[in-house]
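Asks: Okay, so the first sequence: first residue is 1 according to full-length UniProt numbering, each after it adds one.
Glycine included, each C-beta is placed from N, C-alpha and C at the ideal position.
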Amino acid sequence: MAASLRPVPPQSAPRRPAPAAPLGLGRDTSDVLQQIMAITDQSLDEAQARKHALNCHRMKSALFSVLCEIKKKTAMSIRHEEEDPPDAQLLRLDNMLLAEGVSRPEKRGRGAAAGTTASPGGCPNDNSIEHSDYRAKLSQIRQIYHSELEKYEQACREFTTHVTNLLREQSRVRPVSSKEMEHMVGVIHSKFSAIQRQLKQSTCEAVMTLRSRLLDARRKRRNFSKQATEVLNEYFYSHLSNPYPSEETKEELARKGGITVSQVSNWFGNKRIRYKKNTGKFQEEATMYTEKTSTATRARGPGGQPSPGSCGPFPLTSGGDMVLTLQTLAFLQPPPGGVYFQPPAHGSWQRATTPQPASPPAGDSAVSD
DNA sequence: TACTATGATTAATT
DNA sequence: AATTAATCATAGTA
Numbered sequence: 001m002a003a004s005l006r007p008v009p010p011q012s013a014p015r016r017p018a019p020a021a022p023l024g025l026g027r028d029t030s031d032v033l034q035q036i037m038a039i040t041d042q043s044l045d046e047a048q049a050r051k052h053a054l055n056c057h058r059m060k061s062a063l064f065s066v067l068c069e070i071k072k073k074t075a076m077s078i079r080h081e082e083e084d085p086p087d088a089q090l091l092r093l094d095n096m097l098l099a100e101g102v103s104r105p106e107k108r109g110r111g112a113a114a115g116t117t118a119s120p121g122g123c124p125n126d127n128s129i130e131h132s133d134y135r136a137k138l139s140q141i142r143q144i145y146h147s148e149l150e151k152y153e154q155a156c157r158e159f160t161t162h163v164t165n166l167l168r169e170q171s172r173v174r175p176v177s178s179k180e181m182e183h184m185v186g187v188i189h190s191k192f193s194a195i196q197r198q199l200k201q202s203t204c205e206a207v208m209t210l211r212s213r214l215l216d217a218r219r220k221r222r223n224f225s226k227q228a229t230e231v232l233n234e235y236f237y238s239h240l241s242n243p244y245p246s247e248e249t250k251e252e253l254a255r256k257g258g259i260t261v262s263q264v265s266n267w268f269g270n271k272r273i274r275y276k277k278n279t280g281k282f283q284e285e286a287t288m289y290t291e292k293t294s295t296a297t298r299a300r301g302p303g304g305q306p307s308p309g310s311c312g313p314f315p316l317t318s319g320g321d322m323v324l325t326l327q328t329l330a331f332l333q334p335p336p337g338g339v340y341f342q343p344p345a346h347g348s349w350q351r352a353t354t355p356q357p358a359s360p361p362a363g364d365s366a367v368s369d
């Protein structure tokens with residue numbers, strides 16, 4: 001439909017035979033009609049000239065009424081193609097974009113009521129480090145989305161004005177009701193909103209793939225680096241009596257191992273439970289790491305730390321670690337029965353109701369270096 | 001390919 | 001909220 005509104009391109013196509021004049025129309029009219037059809041075959045300039053001539057033609061008003069009649073016959077059948085109702089899918093897309101924070105150009109602070117209250121789909125962890133990549137990509141998507149949307153809207157506006165102008169101009173020659181103009185504008189808008197819908201759709205897809213990749217990354221386990229396991233194990237075995245690192249210690253371990261705090265928490269959770277379940281299995285590892293830390297401590301020697309109670313090969317940084325040292329000694333000299341140090345019989349290390357008050361974060365020999 | 005190790009997830013517990 | 005215990009799913013290995 002828009003094609004018929006566009007300025008006639010210059011072309012030298014073979015002249016089409018004039019359509020059969022409607023019954024009862026005079027020769028003059030059909031001549032004029034033919035003239036109009038001929039316009040399409042002329043160059044633009046020529047067409048302009050002819051248009052002007054047409055405007056001044058004595059039969060102009062007659063032609064106008066003829067066109068009105070033709071229009072009445074043809075337009076009726078085209079009337080109201082289908083005013084598509086508010087699309088359900090579009091609504092869904094909008095909702096999703098809104099939910100993902102794509103629709104909102106700026107993340108406004110979520111005020112009093114945090115919307116995500118234990119949503120199962122959400123990420124319970126605070127691994128902001130893991131999410132930073134996700135967020136960066138999401139904001140990239142958001143940027144693209146908004147710039148494209150803006151482009152489309154501008155194009156739509158421009159096109160609408162263009163078409164409106166054309167229609168207005170044509171209204172001098174043929175009947176163009178305001179309703180028809182509205183309709184045309186509506187059609188244009190619906191076409192452009194279809195394009196926008198596609199944009200929304202692909203944005204949604206991009207977000208989805210981004211999301212699934214994040215989930216995959218979480219699910220696809222990758223073993224920690226040697227460095228990370230080393231750091232974690234060193235801490236664990238040198239704090240066997242109470243392997244519950246404080247939040248600050250966790251942060252430090254995370255930093256040293258190049259992992260996140262929640263990964264440290266996971267690791268300690270797993271380690272404690274697995275160690276407890278099968279202490280024997282970990283003896284080799286235990287001796288290995290206790291030896292390692294002890295030699296490391298010794299190697300650091302007087303420079304690194306005063307080590308007030310350095311009467312043995314094991315770190316004795318605080319009263320709390322005294323117990324550890326004794327227990328670690330027990331590892332090295334396992335009784336004949338093979339009973340190594342085990343966590344308190346009922347299964348668990350005392351859950352630190354008084355979480356090792358005597359362990360200054362900075363002075364922890366196993367962590368600081 | 002079966003088996004173990006291990007990081008992550010989840011429900012229950014404290 | 002932190003932790004435990006069970007479980008899942010994959011990585012690594014023999």
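Over what stretch of residues does the alpha helix (DSSP H) that includes Y235 continue unbroken?
Replies: Position 235 of the first sequence, counted from the start, is the residue given in the question as residue 235. Its alpha helix (DSSP H) spans residues 226–238.
Asks: Considering only residues of the same chain and omitting the five flanking positions on each side of T160, which have a CB-CB separation below 6 Å?
Replies: As a first step, residue 160 is located in the first sequence; it is residue number 160 there, counting from the start. These residues qualify, in order along the chain: V185, I188.
Asks: For H189, does the three-state DSSP call read helix, strand or coil?
Replies: Position 189 of the first sequence, counted from the start, is the residue given in the question as residue 189. DSSP places H189 in helix when its eight states are reduced to three.
Asks: What is the DSSP secondary structure of R142, reduced to helix, strand or coil?
Replies: For this step, residue 142 is matched to residue 142 along the first sequence. Helix.
Asks: What residue from L90, V163, A254, I70 has the CA that sits closest to I195's CA?
Replies: Here residue 195 refers to the residue found at position 195 of the first sequence. Considering only alpha carbons, the answer is L90.
Asks: Within its chain, find whatever has a CB closer than 8 Å to the CB of R108; leave out the 5 residues flanking it on each side and keep chain order.
Replies: Taking the first residue of the first sequence as 1, we reach residue 108 at position 108. Confidence at R108 is low in this model, with a pLDDT of 45, below 50, so the placement of that residue is unreliable and no value is reported for it.
Asks: According to DSSP, is P335 part of a helix, a strand, or is it coil?
Replies: Along the first sequence, one-based indexing puts residue 335 at 335. The predicted position of P335 is uncertain, since its pLDDT is 45 and thus under 50; no value can be drawn from it.
Asks: Within the same chain, show all residues whose beta-carbon is closer than 8 Å to that of residue 373, passing over the 5 residues directly before and after it, in chain order.
Replies: Residue 373 lies beyond the residue range present for the chain, which begins at 1 and ends at 369; the question has no answer from this structure.
Asks: Using the rule of at least 16 other Cβ atoms within 10 Å of the residue's Cβ for burial, across every protein chain shown, is S61 buried or exposed?
Replies: Taking the first residue of the first sequence as 1, we reach residue 61 at position 61. Exposed is the call here.
Asks: Below 8 Å on the Cβ atoms is my guess for S238 versus T290; work out the distance and round it to an integer in Å.
Replies: Working through the first sequence from its first residue, we reach residue 238 at position 238. Working through the first sequence from its first residue, we reach residue 290 at position 290. That belief holds up - the Cβ atoms of S238 and T290 are roughly 7 Å apart, short of 8 Å.
Asks: Measure from the alpha carbon of D68 to the alpha carbon of each residue in H146, S190, E153, V173, then state which is nearest.
Replies: Numbered from its first residue, the first sequence carries residue 68 at position 68. According to the sequence shown, residue 68 is Cys rather than Asp. Ranked by Cα distance from C68, the first of H146, S190, E153, V173 is V173.
Asks: Expressed to the nearest angstrom, what Euclidean distance is found between the alpha-carbon atoms of R272 and W349?
Replies: Position 272 of the first sequence holds residue 272. Position 349 of the first sequence holds residue 349. The alpha-carbon atoms of R272 and W349 are separated by roughly 9 Å.
Asks: Which term fits C204, buried or exposed, when burial requires 16 or more other beta carbons within 10 angstroms of its beta carbon?
Replies: The count along the first sequence starts at 1 and reaches residue 204 at position 204. With 16 or more Cβ atoms within 10 Å of its Cβ, C204 is classed as buried.
Asks: L232: buried (16+ other C-beta within 10 angstroms of its C-beta) or exposed?
Replies: Walking along the first sequence from the start, residue 232 turns up at place 232. L232 comes out buried.
Asks: Sorted by chain position, which residues of the same chain lie with C-beta nearer than 8 Å to T29's C-beta, five sequence neighbours on each side aside?
Replies: Translated into the one-based positions of the first sequence, residue 29 becomes position 29. Excluding positions up to five away in sequence, the list reads A21, M59, A62, L63, V66.
Asks: Go ahead and label R92 buried or exposed: buried means 16 or more other beta carbons lie within 10 angstroms of its beta carbon, across all protein chains shown.
Replies: Counting from 1 along the first sequence, the entry for residue 92 is found at position 92. Result: exposed.
Asks: Which of helix, strand or coil does DSSP assign to W349?
Replies: Sequence index remark: in the first sequence, residue 349 carries index 349 (1-based). The answer is coil: DSSP assigns W349 none of H, G, I, E or B.
Asks: In angstroms with no decimal places, state the Cα-to-Cα distance between R197 and N165.
Replies: As a working note, residue 197 is residue 197 in the first sequence. As a working note, residue 165 is residue 165 in the first sequence. Each residue's alpha carbon lies about 27 Å from the other.
Asks: Can you name the start and end residues of the alpha helix (DSSP H) that residue 438 belongs to?
Replies: This structure does not reach residue 438, given that the chain is present from 1 up to 369, and the question cannot be answered.
Asks: Below 8 Å on the Cβ atoms is my guess for F224 versus G269; work out the distance and round it to an integer in Å.
Replies: As a position in the first sequence, residue 224 is number 224, starting the count at 1. As a position in the first sequence, residue 269 is number 269, starting the count at 1. The pair is not a contact, with the Cβ atoms about 14 Å apart (cut-off 8 Å).
Asks: R274 to Q227, Cα distance in whole Å?
Replies: As a first step, residue 274 must be located in the first sequence, where it is residue number 274. As a first step, residue 227 must be located in the first sequence, where it is residue number 227. Those two C-alpha atoms are separated by around 21 Å.
Asks: Just checking my contact of L199 with L149 at CB under 8 Å: how many whole Å lie between their CB atoms?
Replies: Looking up residue 199 in the first sequence gives position 199. Looking up residue 149 in the first sequence gives position 149. Going by Cβ atoms, the distance from L199 to L149 rounds to 6 Å, so yes, they are a contact pair.
Asks: Anyone know if the C-beta pair for S265 and K250 falls short of 8 Å?
Replies: Along the first sequence, one-based indexing puts residue 265 at 265. Along the first sequence, one-based indexing puts residue 250 at 250. It is a contact, given that the beta carbons lie within the stated cut-off.
Asks: Taking R104 as the reference, give the member of A88, H146, K220 with the closest Cα.
Replies: Position 104 of the first sequence, counting from 1, holds the residue named residue 104. Of all alpha-carbon atoms in A88, H146, K220, the one lying nearest the alpha-carbon of R104 is that of H146.
Asks: Please tell me whether T293 and E248 are closer than 8 Å, where the distance is taken between their beta carbons.
Replies: Position 293 of the first sequence, counting from 1, holds the residue named residue 293. Position 248 of the first sequence, counting from 1, holds the residue named residue 248. For T293 and E248, no; Cβs fall outside 8 Å.
Asks: Under 8 Å, do V32 and H52 count as touching if we go by C-beta distance?
Replies: Against the first sequence, residue 32 aligns to sequence position 32. Against the first sequence, residue 52 aligns to sequence position 52. Not closer than 8 Å, so no.
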